[in-house]
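Below is one structure, written out as structure tokens; comments come after it.
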Amino acid sequence: MNGKPLLDPAVLAKLGGLKLRVRAITEGVLTGLHRSPHHGQSVEFAEHREYAPGDELRHLDWKAYGKFDRYYIKRYEQETNLRAHLVVDASGSMGFRGSEDRLTKLEYASALAASMAWLLVRQQDAAGLLIANDKVLRTIPPRAAASHVSNLVEALEQSTPAGETRLGAALDWLVENSRRRAVVAVFSDLLDADPDVMKRIAQLAKRKHEVTLFHVLDPAELEFPYDDPTLFTSMEDGRSVEATGRDVRRGYLEELNRWLAEVRRAAAEADVDYALCRTDAPLDAVLLPFIARRARHAA
Amino acid sequence: MNLQFLNPALLWGLLAASLPLVVHLLFRRRARPLAFPAIDFILRARRQTERRLRLKRILLFAARTLVLAAIALAIARPKLESPAAAAEAPRGPSAVAIVLDASGSMSYRLGGRTLFERAKEDAAAALASLGAEEPATLVLCGAIPTPPEPPGFERVALRRALDAAEPTAAFADLTSCVGVAAQALSGSEAQAAMGKRILVATDMTRGAWRLDQPPPMVRGPAGPVRPEVVVLDAARGAALPNAGILAVDAQPDPSVGPRGFRFQVELGSSGSEPLKDLPLQLRVGSGADAKTALRAFADVPAAASARKSVAHAFPQGGPTTVLLSLPEDALALDDARPLVLDVPREVRALIVDGAPSPIKLRDEAWFVEAALASSASPVRPKLIDGEALASEDLSGYDVVFLLNVRSPGVKGAELRRLVERGGGLFIGLGDQIDPDRYGDELGDLLPLPLHVVKTAAERGAPGAEARAAHVGEVAWDHPAFGIFQGTAREGLLGARFFRYVLTRPVSRKGNGAEVSKVIAAFDDGAPALVEARRGAGRVLLFTSSVDLEWNDWAIRTSFLPAMQRFAALLAGALEERREPPTVAGAEKRIPLGDGRKVAALVGPDGRERRGGQLEAEGFEETGAGATVRPRLPGLWQVRVADRTGERLDPKLAFAVWADPRESDTRRLAEGELTAWLGGEKVARIEGEGGKSSGGPAIPLWSILLVLGLAAFFAEGLLVAT
């Protein structure tokens, strides 16, 4: 059992709402917080620095020039220019959970996304949200205000798994609406009807966005613990198939592992950070490495 | 072919074969619905394994059904029968006679076991399958069929007799044995109303049946009827290829050497392929002293016989054991044939020349000496003149040739002693002989008293050759003439005799041993060669001369072997003809002298048989010796007892052969046999070979059990994988 019981998905599953979960999660991972390394536009002046060629002229302190007849550049503390887009897949397949005591994949992804938003906003980074299935269901532009997190949590709480997975729609929306370089975190099981979804994610990375793919899967999907004759029905369309679990397990796992390897390879080629998230794994095991990676990139 | 069941009621057990279907239909688990996201992977996995899984399910279902069905069918004891056999199968109980073939060919090894062992198992199984109300008896078919008991219900005794039965090396006449069985079934009036069945457990070799004889019939209240005959084929229809030695004829062959023998070996093959370079071996001696004397190769055509001639010169004389052998095959009985030979020992002969001449052709003894001294002759002759006879010590000789000796009287007594102690005396006549004086000097040593010289024709006179006498009558069966066979006799019969001495009729009346025997006579009836036993020895009187003076025999081809033969006969080195090897189970005579008895027989297995064990070999004492019916093929030795004690007598050793007729293992056509026995209505062949005959019953239960077992293991394997 994890040393931080509140980060255990089994415990989180018993918590009533997403807000409570976010609080539990963030308290668990607060020790990993950092100050924003960015210096840019903000409200609190920090110091003057002598102008050097290449500095933006709009940061020149004309008053100081008047006084001292020298060019100084203004610097501000606790400012940030990080914008994060949290893309959450809310298709039907995300409603799956292999066991009653676990979170559904959407709940797990929502908890991750909300916790991440809270942590980002807490350090003055802007976090936005995009919920999609085969179309964009809801968008919240990135903001760094503390009250903004509540909007995000609320939106995530209201989302329900339905429809087919077509992340392409969400990614297209991002390409069109996020011209500035940003962090994009995608929470999905990638069981997409579009076989080229990884190419769409790669296109996003090519546009200088820092893309992190949180591949959320249930342990039952990874291990296929079924033995008996079972009528498997699709969660996104009307397909179904009757099979005896022990007869098809070997073939299923072979197909699954081949697919996972392909996703990993495509992510690595596109310079996309990839994290496989089992819904029975503690959330800090996912969040802390992400935060650490962010710190490295910023430095 | 009809499928019959011994226990048809148990076929209800076949319903158990539907159990897998019932279980499948009634207890099939319903699929539990489950919403699952990664259904694409399941669909792909199922597509890959669907065909294999469906096949596995079908195989599993089939294996389980087969296991249950095979067990149910096996318990019902099915068998395949021809429609005729099924129709004619007796409905009521039958009196049964089981005939067990114990002939030599049943020692054939097939699949690691002898056919006799298989036949015993078949007979035991048949006995066990008889109904409790069916009386039975057993006929063991060896050289002489055992007279069977009337059919009875003593199953334990029958089983014990069956277990105790042993194969023989003898010929078995199955026609006779089936006849004996039919007689046994005819005996009881109490069983008259019953069906009659004869079960014959045999190997189906063609030589065992005489289909030209009447088929077996059983006497019934309404007259003779054909019994039902079931032949239990121990060979299971398999061909029985065999190569063996059928016969060996051993004859002295002077061309090979002094003690040379020629062996005419008849080889037989029952196989469908010709045999090339079949190695034939001749071993001399017995036991650890046996040595391979020669090796040869023979070709034998398919299913036929061939002759091979080999020769060997023995280094020593006396009784000698010889073994001719082929490489051992499935039927070992006929692969080796022992022989006991009397190899002539060296004979020391004294030739007394009564009319020597510096011209060899006119010398009285030149032709005889040349004949006896030839390189192939076992005789070592010494030549002396008639005058030197008086000073010669005769004790160092086996035989003395008196050739035209004028006055042998000076040595009369010594000659008598020589003959009486076992030596020989040959008396040849001529112009030096005075018949009356000769009678006076030699007395009763002479086989017949001499009378006068008869001149058939004057040599050299015109027409003399036509008027010359010839040998007209010869005792060809006498050992002295044993080598003259076929055209070789012409060499003796063609000789011309111009002059010879007539003898007086025999007036002497002595005991049997003293009586003279004319073994060759001229065409006028006058004796030409007379043999007489004197004491332990012999005297031969030749009434003409042994040079060219009175006849031309000396230049005939028959002269040389005849002289050597006479020398051997007179020396006791050529006894009466050795009897050919005895066939196993046949009577063998053992000649014994006065005061001698058979103490024991030593068989080919090295075991000594005395007392009661001798009786088991058919031993009986007769006036002049004993007779025995040895069963085991090989070399038998006789231990004799006399006043001095017991010892093995090599001269009495004898060879016993497996009956050569048993070497023919060619298979009898089943159709012929069933036709002779009365057709498929009353006769059938059981065994794998019977399939072609159209009339067998095939037990299938064991095959079904094996099938069920295989299905059981297959089911386990399918479940495990």
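Protein sequence lines correspond, in order, to chains V and L.
According to our numbering, the first sequence holds residues 1 to 299 in order.
According to our numbering, the second sequence holds residues 1001 to 1721 in order.
Quick reminder that beta carbons are idealized off the backbone N, C-alpha and C, glycines included.
Just so you know, these numbers come straight off a predicted model, no measurement behind them.
Between G1625(L) and P1591(L), the CB-CB gap stays under 7 Å.
When the beta-carbon positions are compared, L130(V) and V87(V) come within less than 7 Å of each other.
In chain order, Y274 place their CB closer than 7 Å to the CB of R264(V), counting only its own chain and leaving out the 5 sequence neighbours on each side.
When the Cα atoms are used, G1443(L) and R1417(L) turn out to be separated by approximately 13 Å. Comparing alpha carbon positions, the residue from L1034(L), S1544(L), I1555(L) and T1487(L) closest to Y1500(L) is S1544(L). Scanning its chain for C-beta atoms nearer than 7 Å, with the 5 sequence neighbours on each side dropped, one finds around G1179(L) the residues P1216, in chain order. If you draw a straight line from the Cα of L231(V) to the Cα of A1031(L), it is about 5 Å long.
When Cβ-Cβ separations below 7 Å define contact, R1684(L) makes no contact with chain V. S1272(L) places its beta carbon 7 Å or farther from that of A1247(L). In this structure, the straight-line span from the alpha carbon of A1102(L) to that of V1231(L) is close to 15 Å. Nearest C-alpha to D196(V) among R293(V), A267(V), Y72(V) and F96(V): A267(V). Residue range A146 to Q158 is occupied by the alpha helix (DSSP H) that includes S147(V). When rounded, the separation of the alpha-carbon atoms in K1056(L) and A1235(L) is 41 Å. Shown here, I1359(L) sits in coil according to DSSP, grouped into three states, outside any helix or strand.
Not flagged as an interface residue toward chain L: D89(V), since no C-beta distance is shorter than 7 Å. For A270(V), no CB of chain L lies under 7 Å from its own CB, so it is not counted at the interface with that chain. The continuous beta strand (DSSP E) containing T1320(L) extends over residues G1318 to S1325. For Y252(V), the chain L residues whose C-beta falls within less than 7 Å of its own C-beta are F1041, I1042 and A1045, listed in chain order. Counting only runs of 4+ residues, the alpha helix (DSSP H) found wholly inside the region 1070-1152 of chain L occupies 1083-1088 and 1115-1128, in chain order.
Linking F1153(L) to P1135(L) through their CA atoms gives a straight-line distance of about 5 Å. Under the 10 Å beta carbon count, H1024(L) is surrounded by fewer than 16 other beta carbons and is classified as exposed.
Among the CB atoms of chain L, none fall inside 7 Å of the CB of V121(V).
Close partners of P1037(L) in chain V (Cβ separation under 7 Å): S93, F96, D189, L191, E221 and M235. A1181(L) places its beta carbon less than 7 Å from that of V1099(L). In this chain, K1411(L) is not harboured by any alpha helix (DSSP H), its DSSP state being neither H nor E.
CA-to-CA, the gap between Q1485(L) and P1224(L) works out to about 51 Å. Between R1345(L) and R1380(L) the beta-carbon gap is near 11 Å, outside 8 Å, which marks them as no contact. For L1341(L), the secondary structure class from DSSP, reduced to helix, strand or coil, is strand.
In the assembly as shown, Y252(V) is a buried residue. Its beta-carbon has 16 or more other beta-carbons within 10 Å.
Boundaries around S240(V) are those of the beta strand (DSSP E), S240 to T244, since no alpha helix (DSSP H) includes it. Sequence-distant partners of M235(V) (beyond 5 residues in either direction) whose C-beta falls short of 7 Å from its own C-beta, in its chain, are G92, S93, G95 and F96. Taking the C-beta atoms as reference points, C1141(L) is found nearer than 7 Å to A1172(L).
With distances taken between CA atoms, G1678(L) lies nearest to V1229(L) out of G1708(L), R1467(L) and V1229(L). Counted as a single uninterrupted DSSP element, the stretch harbouring S1516(L) is not any alpha helix (DSSP H), since DSSP gives it neither H nor E.
K1588(L) is bridged by DSSP to V1628(L). Check the Cα spacing between V1399(L) and each of A1125(L), F1566(L) and L1492(L): the tightest is with F1566(L).
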